[in-house]
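When the count follows this note's numbering, it moves up by one through the sequence shown with no breaks and lands on 164 for the last residue.
Don't be surprised by glycine CBs; every beta carbon is placed ideally from N, CA and C.
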Amino acid sequence: MEFTHFNEDGRAKMVEVTDKKDTMREAIACGKVRMKKETIERIKSLGIKKGDVLSVAQIAGVMGAKRTSDLIPMCHPLMLTGVDLKLKLIDDGVYIESKVKTYGKTGVEMEALTAVSIAALTIYDMCKAVDKEMELTDIYLKKKIGGKSGEYIRSLEKNI
Numbered sequence: 005m006e007f008t009h010f011n012e013d014g015r016a017k018m019v020e021v022t023d024k025k026d027t028m029r030e031a032i033a034c035g036k037v038r039m040k041k042e043t044i045e046r047i048k049s050l051g052i053k054k055g056d057v058l059s060v061a062q063i064a065g066v067m068g069a070k071r072t073s074d075l076i077p078m079c080h081p082l083m084l085t086g087v088d089l090k091l092k093l094i095d096d097g098v099y100i101e102s103k104v105k106t107y108g109k110t111g112v113e114m115e116a117l118t119a120v121s122i123a124a125l126t127i128y129d130m131c132k133a134v135d136k137e138m139e140l141t142d143i144y145l146k147k148k149i150g151g152k153s154g155e156y157i158r159s160l161e162k163n164i
């Protein structure tokens, strides 16, 4: 398998997709923010001064998916047809999962990963005053559908 983002001179380029067929594209990514129990309790009780952490992070994740091509140089700007984030308090932090969809010539894996990453960074930003030891972890692609390579489902799904 060759890298597609380099031209014949070895210089970076955006992949040419003009002749590719439009197909339904979907990607699911996930990640986690580990934190102290006290921080989880403050999020749960809406005790973080900056506001409702999970609601703000959810909106930030959607915004991140929509702006992926502004953040990652070789990503195509896409007309996303759906972005959904689920954030759940778990024993050691917050679990984040994104689902991104489009109908187009290129996949939405980077948009799904960016949504999770931006949501996680937002949680960190909102809670850093009370917990500087938080960790953003286990950010990965769980599943993708569509395109020439077809379906991908992560074979060793982690228990989170």
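Report all residues from its chain with a CB closer than 6 Å to the CB of residue i; omit the five preceding and five following residues, and keep chain order.
i	result
E101	C34, K90
K40	D135
E12	none
CB-CB under 8 Å to residue i, same chain, minus the five flanking residues each way: which ones, in chain order?
i	result
L84	A69, K70, V104, K105, T106, V112, E115
V21	H80, K109, T110
Tell whether a beta-carbon distance below 8 Å holds between residue i and residue j.
i	j	result
M28	H80	no
G150	E42	no
V87	V57	no
V37	A124	yes
K147	D26	no
Is residue i buried or exposed, if buried means 16 or more other CB atoms sit within 10 Å of its CB?
i	result
L50	exposed
G97	buried
I76	exposed
Keeping to the same chain, check which residues put their C-beta closer than 7 Å to that of residue i; ignore five residues upstream and five downstream.
i	result
R46	I52, V134
I157	K147
V120	A33, C34, G35, G65, I100, S102, I143
By alpha-carbon positions, which one of the options ends up nearest to residue i?
i	options	result
T118	Y144, M138, E137, Y99	Y144
L180	T22, D142, S121	A question about residue 180 goes unanswered here, because the residues of the chain that appear run from 5 up to 164.
I122	A64, K48, E12, G14	A64
L93	K48, R15, R158, A16	K48
D23	K152, A16, Y156	K152
C131	D74, I44, S73	I44
T126	G14, D13, Q62, R15	Q62
task = Just list the alpha helix (DSSP H) runs in the segment 41-115, keeping only unbroken ones of 4 residues or longer that don't cross its boundaries, in chain order.
result = 41-48, 57-70, 72-75
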